[in-house]
Amino acid sequence: MSETARVHVHVQSLYVESQSSPDDERYVFAYTVTIRNMGRSSVQLLGRYWLITNGNGRETEVQGEGVIGEQPHIAPGGEYQYTSGAVLETSMGTMQGHYVMVDEQGDAFHVDIPVFRLAIQTHIH
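Quick note: the sequence shown uses this note's numbering, first residue 136, plus one each step.
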(Lines of atoms letter the chains of each structure in order from A and count residues from 1; the text may use other names and numbers.)
(Lines give C-alpha, C1' and ligand atoms only; values in the text may rest on other atoms or scores of the structure.)
Protein backbone atom coordinates (compact mmCIF):
# COMPACT_ATOMS: atom_id res chain seq x y z
CA MET A 1 0.00 0.00 0.00
CA SER A 2 1.39 3.42 -0.88
CA GLU A 3 2.10 5.97 1.84
CA THR A 4 -0.55 8.35 0.51
CA ALA A 5 -3.21 5.66 0.77
CA ARG A 6 -2.34 5.19 4.45
CA VAL A 7 -3.06 8.79 5.44
CA HIS A 8 -6.61 10.12 5.16
CA VAL A 9 -7.51 13.82 5.30
CA HIS A 10 -10.99 15.14 6.12
CA VAL A 11 -11.85 18.87 6.11
CA GLN A 12 -14.90 20.69 7.41
CA SER A 13 -15.32 24.43 6.76
CA LEU A 14 -17.42 27.09 8.46
CA TYR A 15 -18.23 30.73 7.70
CA VAL A 16 -17.26 33.01 10.61
CA GLU A 17 -19.86 35.77 10.41
CA SER A 18 -18.63 37.57 13.56
CA GLN A 19 -15.21 38.24 11.97
CA SER A 20 -16.47 38.97 8.47
CA SER A 21 -17.36 42.30 6.92
CA PRO A 22 -19.16 41.80 3.59
CA ASP A 23 -19.29 45.60 3.02
CA ASP A 24 -15.46 45.56 3.02
CA GLU A 25 -15.28 42.38 0.89
CA ARG A 26 -13.90 40.45 3.87
CA TYR A 27 -15.27 36.93 4.35
CA VAL A 28 -13.64 34.84 7.08
CA PHE A 29 -13.80 31.06 7.02
CA ALA A 30 -12.55 28.53 9.54
CA TYR A 31 -11.70 24.98 8.57
CA THR A 32 -11.00 21.97 10.74
CA VAL A 33 -8.71 19.30 9.34
CA THR A 34 -8.55 15.75 10.66
CA ILE A 35 -5.53 13.72 9.53
CA ARG A 36 -5.76 9.98 10.23
CA ASN A 37 -2.81 7.62 10.01
CA MET A 38 -4.24 4.29 8.80
CA GLY A 39 -0.80 2.73 8.40
CA ARG A 40 1.39 0.56 10.60
CA SER A 41 4.13 3.10 11.31
CA SER A 42 4.33 6.69 12.53
CA VAL A 43 4.40 9.63 10.16
CA GLN A 44 5.30 13.28 10.68
CA LEU A 45 3.76 16.28 8.96
CA LEU A 46 6.57 18.59 7.84
CA GLY A 47 4.87 21.14 5.60
CA ARG A 48 1.78 22.25 3.74
CA TYR A 49 0.77 23.71 0.40
CA TRP A 50 -2.60 25.36 -0.22
CA LEU A 51 -4.20 26.69 -3.38
CA ILE A 52 -7.01 29.05 -2.39
CA THR A 53 -9.40 30.20 -5.14
CA ASN A 54 -11.96 32.92 -4.49
CA GLY A 55 -15.35 33.27 -6.18
CA ASN A 56 -13.82 35.43 -8.93
CA GLY A 57 -11.26 32.76 -9.81
CA ARG A 58 -8.31 34.60 -8.21
CA GLU A 59 -5.79 32.09 -6.88
CA THR A 60 -3.52 32.45 -3.86
CA GLU A 61 -0.81 29.95 -2.99
CA VAL A 62 0.28 29.39 0.61
CA GLN A 63 3.08 27.11 1.67
CA GLY A 64 5.14 26.69 4.79
CA GLU A 65 6.42 24.46 7.53
CA GLY A 66 3.97 22.41 9.57
CA VAL A 67 0.46 23.49 10.46
CA ILE A 68 -0.46 26.10 13.10
CA GLY A 69 3.19 26.18 14.18
CA GLU A 70 3.45 22.44 14.75
CA GLN A 71 5.02 19.50 12.90
CA PRO A 72 3.02 16.71 14.54
CA HIS A 73 3.94 13.04 14.70
CA ILE A 74 0.91 10.83 14.09
CA ALA A 75 1.09 7.32 15.53
CA PRO A 76 -0.30 4.28 13.69
CA GLY A 77 -4.08 4.33 14.03
CA GLY A 78 -3.90 7.84 15.47
CA GLU A 79 -5.16 11.17 14.27
CA TYR A 80 -4.26 14.84 14.48
CA GLN A 81 -6.84 17.60 14.27
CA TYR A 82 -6.40 21.36 13.98
CA THR A 83 -8.42 24.41 13.05
CA SER A 84 -7.17 27.29 10.93
CA GLY A 85 -8.71 29.97 8.77
CA ALA A 86 -8.76 31.79 5.47
CA VAL A 87 -9.98 35.24 4.45
CA LEU A 88 -11.54 35.74 1.02
CA GLU A 89 -12.78 38.81 -0.83
CA THR A 90 -15.83 36.82 -2.01
CA SER A 91 -18.60 34.95 -0.21
CA MET A 92 -17.44 31.63 -1.62
CA GLY A 93 -14.35 29.88 -2.85
CA THR A 94 -12.38 26.65 -2.67
CA MET A 95 -9.21 25.31 -1.11
CA GLN A 96 -7.07 22.31 -1.99
CA GLY A 97 -3.48 21.27 -1.63
CA HIS A 98 -1.18 18.73 -0.04
CA TYR A 99 0.85 17.97 3.05
CA VAL A 100 4.49 16.99 2.93
CA MET A 101 5.04 14.11 5.31
CA VAL A 102 7.88 11.80 6.23
CA ASP A 103 7.74 8.18 7.37
CA GLU A 104 9.85 6.43 10.02
CA GLN A 105 12.50 5.62 7.39
CA GLY A 106 12.86 9.33 6.58
CA ASP A 107 11.21 9.03 3.17
CA ALA A 108 9.14 12.09 2.25
CA PHE A 109 5.77 11.79 0.53
CA HIS A 110 2.79 13.99 -0.34
CA VAL A 111 -0.74 13.53 0.96
CA ASP A 112 -3.36 15.24 -1.20
CA ILE A 113 -5.94 17.47 0.45
CA PRO A 114 -9.09 17.14 -1.65
CA VAL A 115 -10.80 20.32 -2.83
CA PHE A 116 -13.34 21.70 -0.38
CA ARG A 117 -15.73 24.64 -0.50
CA LEU A 118 -15.64 27.82 1.53
CA ALA A 119 -19.15 29.27 1.41
CA ILE A 120 -21.74 31.05 3.50
CA GLN A 121 -24.25 28.48 4.65
CA THR A 122 -27.76 29.30 3.54
CA HIS A 123 -30.74 28.13 5.52
CA ILE A 124 -33.75 26.80 3.65
CA HIS A 125 -37.06 27.44 5.37
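C-beta atoms are modelled at their ideal positions from N, C-alpha and C, and glycine is treated no differently.
Cα separation between proline 211 and phenylalanine 164? 31 Å
Collapsed DSSP secondary structure at aspartate 242 in the structure displayed: coil
Going by C-alpha to C-alpha distance, which of Ile203, Ala221, Gly182 sits closest to valine 237? Gly182
Proline 211 by DSSP, collapsed to three states: which one? coil
Would you kindly work out how many angstroms separate the C-alpha atoms of glycine 190 and glutamate 160, rounded to a whole number? 12 Å
Same chain only: Cβ atoms within 6 Å of isoleucine 255, ignoring 5 sequence neighbours per side: Tyr150, Ser226
Within the same chain, show all residues whose beta-carbon is closer than 6 Å to that of proline 207, passing over the 5 residues directly before and after it, in chain order. Leu180, Tyr215
Just to confirm my understanding: we take aspartate 247, look at its own chain, exclude 5 residues before and 5 after, and list those with CB closer than 6 Å. What are they? His233
So what does glutamate 196 bridge to, in DSSP terms? Leu186
Report the three-state DSSP secondary structure of arginine 252 (helix, strand or coil). strand
Residues sharing a beta bridge with valine 142, DSSP: Asn172
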